[in-house]
Every structure is written in structure tokens, then in C-alpha cells.
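Participant: Protein chains in written order, with my numbering: chain Z, 12 to 205; chain U, 46 to 501.
No residue lacks a Cβ here, since even glycine has one placed at the ideal position from N, Cα and C.
Please read all numbers here as calculations on a predicted model, not as lab measurements.
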Amino acid sequence: MKTRLITSVVAAAAFLTGCGGSGEPEQVGIEPKVFADSLFAVMKSDRTNYTKLIIQRLGPNGVGAIQPLEHWEDTENSAPLPAQMFRYGAEGVTEMTDSFTYSLQSLWPVNKQNAPKTDVEIEGLKYIADNPGQNFYGEETLGDTTYFTAVYPDIAVSPACTSCHNAHRDSPRDDFKIGEVMGGVVIRLPLPQS
Amino acid sequence: MRKRLPWILWLLFSLLLAGVLGFELFAQPQKPHFLPGQTSVGHFQIELTCNACHSESFADRETIQQSCVGCHGEELKAARDSHPKSKFTDPRNASRLSEIDARYCVACHTEHNPEITLPMGLTQPADFCLTCHEDIAEDRPSHTGMAFDTCASSGCHNYHDNQALYEDFLLDHAAEPDMMMGSGLPQSSLPQLMAMSGQAWNTFNPTRVAEVAERDWQLAHQEWLAGAHGQANVGCQNCHQPDPEAPWEQQPNTEVCGDCHQREQDGFRTGKHGMRLAQGLPAMTPELARQPMKTEASHQSLTCNSCHAPHAQDTRVAAVEACIGCHDDEHTLAFENSPHHATWTEFLNGDRPRELAVSCATCHMPRVEVDHFGQQVVVVEHNQNATLRPNEKMIRTSCMNCHGLAFSIDALASPELIRSNFHDEPAAHITSIDMALERINTGSNPDPQNPNGERP
Chain Z
12 MKTRLITSVV AAAAFLTGCG GSGEPEQVGI EPKVFADSLF AVMKSDRTNY
62 TKLIIQRLGP NGVGAIQPLE HWEDTENSAP LPAQMFRYGA EGVTEMTDSF
112 TYSLQSLWPV NKQNAPKTDV EIEGLKYIAD NPGQNFYGEE TLGDTTYFTA
162 VYPDIAVSPA CTSCHNAHRD SPRDDFKIGE VMGGVVIRLP LPQS
Chain U
46 MRKRLPWILW LLFSLLLAGV LGFELFAQPQ KPHFLPGQTS VGHFQIELTC
96 NACHSESFAD RETIQQSCVG CHGEELKAAR DSHPKSKFTD PRNASRLSEI
146 DARYCVACHT EHNPEITLPM GLTQPADFCL TCHEDIAEDR PSHTGMAFDT
196 CASSGCHNYH DNQALYEDFL LDHAAEPDMM MGSGLPQSSL PQLMAMSGQA
246 WNTFNPTRVA EVAERDWQLA HQEWLAGAHG QANVGCQNCH QPDPEAPWEQ
296 QPNTEVCGDC HQREQDGFRT GKHGMRLAQG LPAMTPELAR QPMKTEASHQ
346 SLTCNSCHAP HAQDTRVAAV EACIGCHDDE HTLAFENSPH HATWTEFLNG
396 DRPRELAVSC ATCHMPRVEV DHFGQQVVVV EHNQNATLRP NEKMIRTSCM
446 NCHGLAFSID ALASPELIRS NFHDEPAAHI TSIDMALERI NTGSNPDPQN
496 PNGERP
């Protein structure tokens, strides 16, 4: 009995330490989907808080202390738009890491450079618009790198979102409603080369 | 022996040559024999100091990029660069980067290629905007049919600095008249900055009065008394003997100016006047310049004192006389007959406040608002090239203190007018403001361009 137990423990240990003769040790780490979902959770939380706690509360729809403006640097008592804050975050991230990138895109972009461009982006943005509440995941090769690409719905969380986009002269739509998908957050993770 | 002699001579000559070149390559700061081709007007002053850009042997793009950003990064940041590197790092731009890798300055500004170098040191074809914006007419029908090289050449767009050209800015300033003399130039915050810095200095020591006479320093003392340093009682030793343990310096170098005027010195060293000093090279002299300079000024060294005469520190001299003392191009020579100069003469005669008078420095070394630890302060931009790369950068810092936006854009888009130092009204009209107005008034972009239209 004692011999059998020792043999089992040694066999288990050998298997767990990769000595079972099966070649490369199994890779461990966070699954791309879990990693991307986690990143999105942080982004969404920060973005919603900025929109509701700063822009909505202090802006024209609140106490009117600040004015959210695209060209805030040229106007006193103004603040960056939530979408700009989001973009500044994305730009800041690129200066710190190339482990992931993210951007805010839309099928109805104010800035046409933020329209989907790759096949996965187009498919993903259409999917989240047609399937409210669902995310889209895919893989794509851009340049010489394959990416895990996740697309998450960007939903109008306050009147600040809808009123601005509906009134903007560069917006292709003027009928956004609160709770509606206005665009998508695209997160990309480079996958290890096989 | 006779057969060997040529070989021996060849070997000796080769060794000698290798020694001379090796000494230059490894031991000399400047390496003229290793220059692969002439550099652009922006870099020729420092082109023999290879490591100014190639900070490492066989430096890759990333290393050279660090050199670019080291000198130009702050300026790009201040200009709210419209095309920062961060705009191109998203993998969705991979296809674009395969055409122009805009993450790196050298993608558009390669050096040592004079044959293909365009203004602003651009080495991409003039239609480079179309690489990404070829379909602009779909979004802006008013741009239909515009020539491929007019994006940045007509006073409408710049690649980096669009602070005076973006649509909302055009609309905000659309109704401005040609002349709008208000309060004119902003007041410099130098006294406020000195107070904020907590900088202390030694005042003039009256016991030195006897020494002034003894050493025949009366003229210097008189000039000092009448100048800015005398009025602020900045004593002699602050410049001549900042370290009390060090010997008295009869002719202090520019380093000492930076002890109190760091921001100004940084600006000076970033521009063409001081960039050689920034690289540890002897100061720039007019004879080295690629633009017309006065022969008699050929050998003057460009330091702080070249414009700010020691002791006198008369900024009226620094703002005009110092400039025309060296520069000999059409624009400079035309200044004395220009409407701008008339205002300067009125100021010198006491008939006009300085804030409403225009000197060379008003446009080329403007008083600019900058953020200083959260406070907006006004300082003199001592990088005289900052408003010239390209000249639309001058619109907000200089022109719009007295002129409307439309007039400013029109004036700066006219090479003839620049040559005559703005002697006349702008002949042609840039229609960017009209197009912006038309778009908001009609909700569309109906009209094609009218680059040669009449000014309204």
C-alpha cells in the first residue's frame, strides 16, 4: 500500500513538472478573452465615471461649472470630452506597453478616422450593434502579427453622450437614445507567434 | 626591392590614411570626411557632429527617434501635434505604416538627401497627405478637385501644428476685421517669474565704486545702471563671478545667463541661433548661414550678448537693430519701409506704447503664454524658428494680436508679401474660413475651392 502511494505521488509530480515526456510544458497565463474582458471592465468603469461624475454633474446638464469641448485647450473652464479622455488613455498606454492597444470606433463616427477599417472591426461593430449586450471576439493578422481582437459595445450612458453626438455637425446620426449602442471599444492583444 | 617599393608606399599611405580617418572617426567631435551628403537647413549647423543624431554607432530608427524627440519633442507637444506617434501605433494602421511609417520622424524627414528635400525638411513626395486622406472629398465635398499638393501649401493644413487652422478656430474668428488693435501684445511676466522662482541675487556692492574708477569700468557701470539689470540691482558678480571661489570672469559665457534665464536660454539653444552651443560646438556665426547675411557681420559669434549687449541689456536693440545687423535678405531689408516699422518708429519716438508697436522680435520672438506650474505666464520665445516651421505658427502667437485671422492667413500665404515685409494688402484670398462658414450655414460643402478669389 505504502509503495503504491509513493509511486502515485512520484508519477503525479513527474506529470505536473512536465517530466512525463510530453515535450513542451503547457503554457499557463490569462486567456486572451479574460484579459481583454478585464481591460474593458476598467475602461468602461473609468469612462462611465468621468461621463457621469464630471461631465454630467459639472457640465451644462448639471451645475454648468465646466463646458465639455473638443478644443478644450482653447477655452477657459472647459474639459475634454469623454471620448477624448478615452483616447488620451489609449495614447498614454502606447507609451508604456505594446502588450495591448485599444480604440473607440463607430459605424457612425464623428471623426471619420474612427470608422472601422479592418474586416474584423467592421464585422465586430456590426455584430454589437445588431446584438445589444453582446461582445464580439475574433482573430486577425495585421502586418506580420496575429491579434486577438475583442469588440465591446459603447453605450450612451447619459444625455451628455446623446445630445452632443446628435447635434454635432460631423455626426452621421442625430437620433441616438440613452442606452443605445453608439460605437464600440476595440481591444487588441498580439498573440504569440506559433 | 624595386618591385616592392610601390607596395610598401601603398601600404604606408594606406596606414597613414587609415590613421588620419580613424583619428577623426574615433577621437574628433566633428567628422567632415564621413558626411554622406548635405543635410537640410534645419540641421546643417550640426551636421559634422554625427552623434547629435546618431547617438550610437549604427543607430537604428528607434535610437535616432530619441534624438529627434530630444530636440523637437517639447515643441511638438506645445503645438498639440496633430499626428503624434501614438496615432499610428494602433495595429489597425499596419497597412498605412507599410507605406509611410509615421511612427518615426525619419519616415518623412530623412537627412543627407538634398536632392529630394522639400521645405520643412520633408523628404516624402508632396502628395503624402493622400496616403491616408485620399477620400477626403467624400467627407468634405468642398475639397473635390483640389490639387494633391495644396493641402499644406495653401495656408489650410499643417501636418503637425494646426492650432490656428482647425475648423472651430476658423469659425470662432471668422468675423474679425483685418485690423483689430486692442491691447496689442501681452505684457511679459519676467518680473513675476523671477519673484515666483525665489531666485536671489547679489546686489551692487557700493564699496566697489572705487574699483569701478580704478579699473576704468565707468562706461560699463553707466550702461548697467540704465539697463534692466541695473534697474533690478543685479550686481556685477552675479555674471562675472557667480562662484565666489572662482576667479573673476572678464567676459562671461552664455552659461551664466541661464542661471536666471533658463527658459530663454533653452529656447535660444533650440533655434538656429543657439543650436550649435547646445551641441557643444563653437557658436554660430553669420558666415556659416545658408541665407544672405551682411559681410561685415560674418565673424560675429551668436551668443546671448550678440543681441543683448552686455551691461546695457536694451531690448529695443535686441528686437530690431541686432537682427538687421546680421540678416541681409529681402524681407529684412524691406522692414524699414514697412508699415510695421512705422509703428516701431512711433514707439521709439514715444508716440506709441510698445505693446502696439511691431519689431522683428514681435513676430520672430513673440511673447507667448505658457503654463508655469499651473499658472499662465507670458515669456519671450527665444527660439526664433519656432514660429517659422511653418509660418502659420505665427498666426496665433504674433499676427492675431493686431490682425484678424482671415487677414493673417492670407498675408502669410503670400511669398511676395513676405518678401516686401507686408508692405501691401494680401492680393490673394485663402478660402478656408469661407468654406467652414458655408458648411455650417448650409449644412453641406457646396463650393469648390477658390484659391485665387478676391479678398472679401
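#1: Residue ranges of each beta strand (DSSP E) run of no fewer than 3 residues wholly in the stretch 302–385 of chain U, ordered along the chain?
#2: Considering only the alpha carbon of each residue, which of U:ALA458, U:ASN466, U:GLY229 and U:ILE463 lies closest to THR476 (chain U)?
#3: Under 7 Å between C-beta atoms, does GLY154 (chain Z) make it to chain A?
#4: If we call anything under 7 Å between Cβ atoms a contact, is HIS157 (chain U) one with PRO81 (chain U)?
#5: Listed from N- to C-terminal order along the chain, which residues in the stretch 187–205 of chain U have their beta-carbon within a distance smaller than 7 Å of any beta-carbon of chain Z?
#6: Please compile the residues from chain Z whose C-beta is within a distance smaller than 8 Å of the C-beta of PRO136 (chain U).
#7: Run through the stretch 143–184 of chain U for me and flag every whole beta strand (DSSP E) of 3 or more residues, listed as ranges in chain order.
#8: Show which residues of chain U have a CB atom less than 8 Å away from the CB atom of HIS82 (chain Z).
#9: Who are the neighbours of GLU132 (chain Z) on chain U, taking C-beta pairs under 9 Å?
#10: Listing by chain order, which chain U residues have their CB less than 7 Å from the CB of LYS208 (chain Z)?
#11: Quick one: what does DSSP say HIS188 (chain U) is sitting in, helix, strand or coil?
#12: For ASP165 (chain Z), collect the residues of the same chain with a Cβ closer than 6 Å to its Cβ; drop the 5 residues on either side in sequence, then sort them by chain order.
#13: Give me, in chain order, the residues of the same chain whose beta-carbon lies closer than 8 Å to that of GLU426 (chain U); leave out the 5 immediate sequence neighbours on both sides.
#14: Quick check: what's the CA-CA separation for LYS48 (chain U) versus GLY67 (chain U)?
#15: For SER453 (chain U), count the other beta carbons within 10 Å of its own beta carbon; 16 or more makes it buried, fewer makes it exposed. Which is it?
#16: Got a sec: is the Cβ-Cβ distance from SER477 (chain U) to anything in chain Z below 7 Å?
#17: According to DSSP, simplified to helix, strand and coil, what is VAL415 (chain U)?
#18: Looking at chain Z, which residues of the stretch 324–355 of chain U have a Cβ within less than 8 Å of any of its Cβ atoms?
#19: Between SER131 (chain U) and chain Z, is the shortest Cβ-Cβ distance under 7 Å, so that the two count as touching?
#20: When burial is assigned at 16 or more other CB atoms within 10 Å of the CB, is HIS188 (chain U) buried or exposed?
#21: Could you work out which residue in Z:GLN204, Z:THR86, Z:VAL53 and Z:ALA101 is closest to ASP155 (chain Z) when comparing CA atoms only?
#22: For the stretch 72–96 of chain Z, list every residue whose C-beta sits within 8 Å of some C-beta in chain U, in sequence order.
#23: Could you check whether the Cβ of THR108 (chain Z) sits closer than 7 Å to any Cβ belonging to chain U?
#24: For the candidate residues U:CYS177, U:GLU483, U:ILE485 and U:SER234, whose alpha-carbon lies nearest to that of LYS128 (chain Z)?
#25: For SER85 (chain U) versus SER100 (chain U), is the C-beta distance shorter than 7 Å?
#26: Counting only beta-carbon separations shorter than 7 Å, does LYS44 (chain Z) have a partner in chain U?
#27: Within 7 Å (strictly less), CB to CB, does GLU150 (chain Z) reach chain U?
Facilitator: Put simply:
#1: none
#2: Within the second sequence, residue 476 (chain U) is the residue found at index 431, counting from 1. Closest by alpha carbon: U:ALA458.
#3: The structure shown contains no chain A; its protein chains are Z and U.
#4: One-based indexing of the second sequence puts residue 157 (chain U) at position 112. One-based indexing of the second sequence puts residue 81 (chain U) at position 36. Inclusion of HIS157 (chain U) and PRO81 (chain U) in the CB contact set at 7 Å is warranted, their separation being smaller than that value.
#5: none
#6: Within the second sequence, the letter at position 91 stands for residue 136 (chain U). Those within 8 Å of PRO136 (chain U) in chain Z are THR112, LEU153, GLY154, THR156, TYR158, ARG199 and PRO201.
#7: List check, beta strand (DSSP E) in window: nothing returned.
#8: Position 71 of the first sequence, counted from the first residue, corresponds to residue 82 (chain Z). Within chain U, the residues near HIS82 (chain Z) are TYR211, ASP213 and PHE214.
#9: Counting from one through the first sequence, the residue named residue 132 (chain Z) turns up at place 121. Chain U residues near GLU132 (chain Z): ARG137.
#10: No answer is possible for residue 208 (chain Z): the residues shown for chain Z start at 12 and end at 205.
#11: The residue labelled residue 188 (chain U) in the question sits at position 143 within the second sequence. The answer is helix: DSSP assigns HIS188 (chain U) an H, G or I state.
#12: For this step, residue 165 (chain Z) is matched to residue 154 along the first sequence. If you ignore the 5 residues before and after ASP165 (chain Z), its C-beta comes within less than 6 Å of the C-beta of MET193, GLY194, GLY195 and VAL196, all in its own chain and listed in chain order.
#13: For this step, residue 426 (chain U) is matched to residue 381 along the second sequence. If we look at GLU426 (chain U) and ignore the five residues flanking it on each side, its Cβ neighbours are GLY312, MET410, PRO411, ARG412, VAL413, THR432 and THR442.
#14: By 1-based counting over the second sequence, the position of residue 48 (chain U) is 3. By 1-based counting over the second sequence, the position of residue 67 (chain U) is 22. Cα to Cα, the separation comes out at about 29 Å.
#15: Here residue 453 (chain U) is taken as the residue at index 408 of the second sequence, counted from 1. By the neighbour-count criterion, in which a residue is buried when 16 or more other Cβ atoms sit within 10 angstroms of its Cβ, SER453 (chain U) is buried.
#16: As a position in the second sequence, residue 477 (chain U) is number 432, starting the count at 1. With respect to chain Z, the C-beta atom of SER477 (chain U) has no partner C-beta closer than 7 Å.
#17: What you label residue 415 (chain U) is simply residue 370 of the second sequence in a count that begins at 1. Correct three-state label for VAL415 (chain U): strand.
#18: Flagged: no residues at all.
#19: Counted from its first residue, the second sequence places residue 131 (chain U) at position 86. By this cut-off, SER131 (chain U) is an interface position.
#20: Counting from one through the second sequence, the residue named residue 188 (chain U) turns up at place 143. Buried is the call here.
#21: The sequence position of residue 155 (chain Z) within the first sequence is 144, counting from 1. For the residues Z:GLN204, Z:THR86, Z:VAL53 and Z:ALA101, the minimum Cα distance to ASP155 (chain Z) belongs to Z:GLN204.
#22: GLU81, HIS82, GLU84 and ASP85
#23: Looking up residue 108 (chain Z) in the first sequence gives position 97. It does not: the Cβ of THR108 (chain Z) has no partner Cβ on chain U nearer than 7 Å.
#24: As a working mapping, residue 128 (chain Z) is identified with position 117 in the first sequence. The candidate whose alpha carbon is nearest that of LYS128 (chain Z) is U:CYS177.
#25: Against the second sequence, residue 85 (chain U) aligns to sequence position 40. Against the second sequence, residue 100 (chain U) aligns to sequence position 55. No.
#26: Along the first sequence, one-based indexing puts residue 44 (chain Z) at 33. By this cut-off, LYS44 (chain Z) is not an interface position.
#27: Mapped onto the first sequence, residue 150 (chain Z) falls at position 139. No - not a single Cβ of chain U is within 7 Å of the one on GLU150 (chain Z).
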